[in-house]
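To keep things clear, I will list the structure first and then write my remarks on it.
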Amino acid sequence: MRHLMSPLDFSVEELDQLLDLAGDIERHPEKYAHACDGKKLATLFYEPSTRTRLSFEAAMLNLGGSVLGFSSAASSSASKGESVSDTIRMISCYADICAMRHHKEGAPMVASAVSSIPVINAGDGGHQHPTQTLTDLLTIRSLKGRLGNLTIGLCGDLKFGRTVHSLVKALARYENVTFVFISPEELRVPSYIKEDVLDAQNLPYREVERLEDVMADLDILYMTRVQQERFFNEEDYIRLKDFYILDNKKMSLAKDDMIVMHPLPRVNEISVEVDKDPRAAYFRQVQYGVYVRMALILTLLEVKVC
Amino acid sequence: MLNIGVLHEGFVLDHIEAGRSMEIYKYLNLDKFDCCVAIIKNARSNKMGKKDIIKIECPIDQIDLNVLGFIDHNITVNIIKDDAVVEKKMLSLPREVKNIVRCKNPRCITSIEQELDHIFVLTDEAREIYRCKYCEEKYRRKKK
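Here the protein sequences line up with chains E and R, keeping their order. Residue 2 is where the first sequence starts when you use this note's numbering, and the numbers rise one by one after that. Residue 23 is where the second sequence starts when you use this note's numbering, and the numbers rise one by one after that.
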């Protein structure tokens with residue numbers, strides 16, 4: 002039995018197979034409509050999340066399975082003091098697979114150690130969010146046709162943004178990827194990403210503060226939200242939240258085939274006027290998220306569809 | 023050199039960085055053992071200038087030396103049996119350590135989950151970096 006804790010749990014070859022499967026699901030959804038008949042997905046969301054939870058639920062429903070779970074810690078036994086280990090032992094009796102989001106980092110790993118069903122990390126604090134990374138990889142591969150030979154700009158909160166950390170680690174495994182980190186001084190990408198991932202493999206990267214200075218170089222612009230929930234100090238949040246706003250003027254500096262991605266929800270960092278630009282890929286990214294989660298559920302449940 | 027009696031069975035931990043012997047005393051849980059322990063601080067050393075030494079008289083299977091590799095793998099461990107040094111053990115960095123140090127990340131699951139072991143895993147041997155198994159927080163060694 003396999004779990005998914007980090008996007009690097011899959012080798013590059015396994016990831017290719019998963020993305021191939023997701024691509025086939027996109028082209029032939031009807032083939033998979035009953036692949037999980039009679040199977041149940043438990044969504045254990047100790048922290049609120051609209052997008053990820055609904056994406057998992059949609060994925061399981063598209064496969065013919067059903068869904069149960071909770072959407073906040075307050076509506077679970079955690080409010081009575083139940084441990085993660087005890088909760089997952091109980092859930093293992095109710096469902097065939099589970100997706101867990103928890104505000105504490107490493108909670109899904111604790112669950113996976115005692116679970117008798119596959120556990121998917123659906124986000125653990127500021128640590129990992131592997132299914133977002135799978136979504137990002139599928140989006141890039143589908144829209145750019147490759148995962149190597151790319152210059153990707155990551156913009157906004159690069160310090161606390163777990164999606165950025167996971168994506169950098171995942172893309173670092175492909176050939177000729179150049180990273181451009183665009184952030185204010187206070188929200189720079191942590192040193193462990195630079196030292197342990199990029200410097201360790203001699204991968205090229207740049208750190209800049211102005212988005213305009215690098216727009217023309219990018220194949221992909223990955224925007225992120227400055228997340229209020231990651232700040233201990235409200236003043237810092239207010240000062241930094243509107244540091245970057247992507248608008249049509251900035252988009253005019255970009256290549257014609259650049260794509261703009263965002264893990265969503267966005268607040269002010271992408272002006273609504275950009276939505277009409279064909280290079281805005283963030284809503285297509287959401288759709289790819291459903292396909293990749295369908296592929297992941299099938300893979301972890303070892304369901305084969307001919 | 024100050025002379026402390028010869029051990030019949032036990033360990034002599036030599037080449038401890040000066041001033042770290044009490045830290046090692048704590049990590050080895052020597053306060054919980056009913057055995058004879060001598061701590062020598064700031065002994066003269068040709069190699070190190072000053073060093074600490076700990077002599078422990080106890081059965082040689084009683085102490086987990088794995089911990090020492092984590093604290094400082096440059097320590098020399100002399101194993102004594104029947105009044106003689108039977109082995110000079112070279113320490114290496116253990117792959118993981120359990121419940122030796124606690125994760126200090128307030129966002130880590132170890133801060134709330136009952137009876138969860140605090141486990142640190144060696145992630146970079148060359149740079150001697152350990153990270154929490156759960157949240158990947160780096161363990162910061164105390165530098166003297």
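Glycine included, each C-beta is placed from N, C-alpha and C at the ideal position.
| Item | Value |
| --- | --- |
| Cβ contact check for the region 35-55 of chain E and the region 4-20 of chain E: 3 or more pairs under 8 Å | no |
| Straight-line Cα distance separating K73/R from I62/R | 8 Å |
| Selected residue, minimal CA-CA separation from A171/E, among D137/E, D200/E, T152/E, S192/E | D137/E |
| Contacts that K105/E makes with chain R (C-beta to C-beta distance below 9 Å) | R129, C130, I131, T132, S133, I134, E135, Y156, C157 |
| Contact list for the region 107-119 of chain E against chain R, Cβ threshold 8 Å | G107, A108, M110, V111 |
| Residue-chain proximity (G126/E, chain R), Cβ-Cβ < 7 Å | yes |
| Neighbour list for L29/R in chain E, Cβ cutoff strictly below 8 Å | Correct list: empty, because the minimum Cβ distance to chain E is about 41 Å. |
| Range of the contiguous beta strand (DSSP E) that encloses E118/R | 118-120 |
| Within chain E, partners of L138/R - CB distance below 7 Å | V111 |
| Contact with chain R by S73/E, beta-carbon distance below 7 Å | no |
| Three-state secondary structure (DSSP) of E14/E | helix |
| Alpha helix (DSSP H) runs wholly inside the region 96-165 of chain E, at least 4 long, in chain order | 108-115, 131-145 |
| Whole-angstrom distance between G71/R and I97/R, CA atom to CA atom | 15 Å |
| Own chain residues within Cβ distance below 8 Å of N269/E, not counting five before or after | K242, D243, I246 |
| Simplified DSSP state of M224/E, which is helix, strand or coil | strand |
| Three CB pairs or more closer than 8 Å across the region 256-263 of chain E and the region 108-124 of chain E | no |
| Interface residues of chain E facing K160/R [CB-CB closer than 7 Å] | Y193 |
| CB contact check: V190/E to chain R, cutoff 7 Å | no |
| Minimum Cβ-Cβ distance from V273/E to chain R less than 7 Å | no |
| Option in D94/R, L144/R, A148/R, K54/R with minimal Cα separation from Q84/R | K54/R |
| Cα-Cα separation, D38/E to D214/E | 52 Å |
| One or two residues paired with L42/E in a DSSP bridge | V68/E, I98/E |
| C94/E classed as buried or exposed, judged by whether at least 16 other C-beta atoms fall within 10 angstroms | exposed |
| Rounded straight-line distance, which links the Cα of L139/E to that of Q18/E | 11 Å |
| Residue from L155/E, G126/E, L212/E, S143/E whose Cα sits closest to the Cα of E158/R | G126/E |
| Alpha carbon of D144/R to alpha carbon of C154/R, nearest angstrom | It is Leu, not Asp, that sits at residue 144/R in the sequence shown. When rounded, the distance between both Cα atoms is 9 Å. |
| C-beta atoms of G66/E and H35/E nearer than 7 Å | no |
| S84/E at chain R interface by Cβ criterion, 7 Å | yes |
| beta-carbon S76/E near the ligand HEM non-hydrogen atom, thresh 6 Å | For the structure depicted, the ligand HEM is absent and the ligand set is empty, with no information on it obtainable. |
| Under 7 Å between C-beta atoms of L301/E and P119/E | yes |
| Below-7 Å beta-carbon distance, I122/R vs any chain E residue | no |
| Helix, strand or coil at M6/E [DSSP, three-state] | coil |
| Residue-level contact to chain E via CB, L144/R, 7 Å cutoff | no |
| Cα-Cα separation between C307/E and Q228/E, rounded to whole angstroms | 43 Å |
| N51/R, enclosing beta strand (DSSP E) - first and last residue | That residue, N51/R, is in no beta strand (DSSP E); it is neither H nor E in DSSP. |
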